[in-house]
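Notes to accompany the following structure.
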Amino acid sequence: MNALSLIPEDEDRITTNPTKKKNKLKVKIIRYLHQHGKQSIPDLCPVVRVSAPTMKRLLEELMKENLVKVLGLGESVGGRRPFTYDLNPDSRVVIGLDLGRYETKLGLFNMACMPLIEPYVFPEGLETADDVVDMLVKQIGKILKIKKISKELVLGVGVSLPGLIDVKTGISHSYLNYGQEPLANVLSGKFGLPTFIEHDTRALARGELMFGQARGRRNVLCLNLGAGIGLSIIVEGRVYQGTSGYAGEFGHINVDPDGELCYCGKKGCLETLASGRTLRQKVIADLRSGKKSMLMDMAENDPSRVKLPMILQAALDGDQYASELISETAVHLGKGIATLIHLFNPELIILGGMMAAVGNLLSDPIQQALNTYCMPRVRQDTDVVISSLADSASLMGAVALVIDNILDKKP
Ligand SMILES: [Zn+2]
């Protein structure tokens with residue numbers, strides 16, 4: 001028996017094929033259970049618009065396919081208590097991919113977004129792999145084989161990636177550009193699995209909204225502090241995208257008209273002063289000109305080997321030079337964040353991404369800069385925290401994206 005596809009081919013068309021018709025009804029049941037939790041046959045019948053005997057048959061088939069489980073007797077509404085049914089979250093797997101510039105994280109999750117394994121981290125990314133898509137196809141195949149999971153049981157793949165991604169057309173302009181072809185279509189074809197893509201910083205906000213400190217909050221700014229500086233703006237509980245999906249290019253606001261040239265082509269962007277990429281370049285230059293730091297040992301006396309995580313580790317291990325540099329970076333960030341607070345009056349700012357791993361070494365100087373540069377009345381209602389999801393928020397958000405697109409569709 002083939003596993004039931006939870007994205008029916010002719011989802012939006014009326015079908016007369018009895019098998020396809022039945023499958024559509026089953027998908028309706030699955031989505032309703034996902035969105036509303038356990039239900040009884042009398043609850044489900046009016047939603048799916050079938051008779052009780054038909055519903056019973058459909059549920060029995062779904063139980064055979066392992067997608068639904070029976071929980072026992074529910075609340076009585078007078079008379080006999082009906083059995084309740086719920087989704088079996090372990091019946092399908094979601095693949096999450098956090099595609100970075102220098103590394104890639106891959107995680108397997110169940111339908112309740114619970115991790116099934118510790119995420120794999122590959123030391124190859126968009127800027128370092130020869131053919132990143134080919135690498136992903138191979139790794140996905142390998143991991144499914146190791147875990148003995150058939151492709152049919154994969155609900156979908158969620159991909160978080162950096163750069164400029166047009167939400168209207170689905171075209172990724174900075175990385176993996178396939179002309180006019182939307183990237184998700186290209187990847188769906190290559191993986192042979194339904195694939196959804198999201199900008200990394202918005203994926204991070206999805207992750208924070210679903211699993212992190214933004215849960216239940218209305219107005220939150222999520223910062224993605226890695227090689228670049230990303231910003232996701234949550235307004236009234238929703239991630240704000242802007243006209244084409246480019247809202248939040250905070251790293252490329254001008255802060256120094258006579259500053260360094262940024263890789264975006266402009267001069268003096270915030271990223272030229274406060275990004276992980278700039279931090280790394282500065283460390284390499286300083287070590288080459290004889291700066292004393294444990295980083296020289298960590299890089300085996302070759303400054304070009306210094307990577308951002310190494311600098312963060314050195315700071316955590318008490319290296320004075322690394323800590324001072326992070327503090328300087330944080331003050332520049334704080335000045336920028338002060339502007340954001342004046343514009344958005346958020347209740348919470350979440351510092352996430354790779355740089356957040358240094359915790360207070362980053363957040364304390366940011367707090368101090370905010371005290372210096374914000375109007376106190378505007379500043380007082382904004383909490384600043386380090387993300388509790390560490391640097392896995394984008395990966396979690398990529399998984400949430402698959403669930404949103406497949407199971408959160410209206411039944
Ligand atoms: Zn720039």
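Per the numbering used here, the sequence shown runs over residues 1 to 411. Using N, Cα and C, we set each Cβ at its ideal position, and we do this for glycine too.
For residue 83, the uninterrupted beta strand (DSSP E) run begins and ends at 83 to 87, by DSSP.
Separation of residue 19 and residue 152 (C-alpha to C-alpha, rounded to the nearest whole angstrom) is 18 Å. By the beta-carbon neighbour count (other beta carbons within 10 angstroms, threshold 16), residue 114 is exposed. The beta carbon of residue 252 sits closer than 6 Å to at least one heavy atom of ligand 1.
In terms of Cβ geometry, residue 361 and residue 326 form a close pair [threshold 7 Å].
The C-beta of residue 243 has fewer than 16 other C-beta atoms within 10 Å across all chains shown, which makes the residue exposed. Fully enclosed alpha helix (DSSP H) runs of no fewer than 4 residues occupy 183 to 191 of the segment 136 to 193, in order along the chain.
Not one heavy atom of ligand 1 falls within 6 Å of the beta-carbon of residue 267. A residue is called buried when at least 16 other Cβ atoms come within 10 angstroms of its Cβ; residue 121 does not meet this threshold and is exposed.
Ranked by how close their Cα comes to the Cα of residue 279, the residues 235, 61, 332 and 265 have 332 in first place.
Taking a 10 Å sphere around the C-beta of residue 189, we find fewer than 16 other C-beta atoms and assign the residue as exposed. Each residue's CA atom was taken as its position, placing residue 103 and residue 116 some 21 Å apart.
Assignment of alpha helix (DSSP H) within the segment 237 to 304, counting only whole runs of 4 or more residues, yields 271 to 274, 276 to 288 and 295 to 298 in chain order.
Leaving aside the five residues that flank residue 373 on each side, the residues in its chain whose CB is nearer than 6 Å to its CB run, in chain order, 335 and 338.
Restricting attention to 260, 230 and 255, the CA atom closest to the CA of residue 247 is found in 230. Nearest C-alpha to residue 23 among 39, 6, 287 and 32: 6. The Cβ-Cβ distance between residue 384 and residue 316 does not fall below 7 Å. Under DSSP, the beta-bridge partners assigned to residue 94 are 109 and 156. A distance criterion of 6 Å places the beta-carbon of residue 264 in contact range of ligand 1, judged by its closest non-hydrogen atom. Taken atom to atom, the span from the alpha-carbon of residue 97 to that of residue 85 is near 31 Å. Residue range 18 to 36 is occupied by the alpha helix (DSSP H) that includes residue 24.
The Cβ neighbour count for residue 215, taken over all protein chains shown within 10 Å, is under 16; the residue is labelled exposed. Residue pairing for residue 39: DSSP places it in a beta bridge opposite 85. Residue 318 places its beta carbon 7 Å or farther from that of residue 275.
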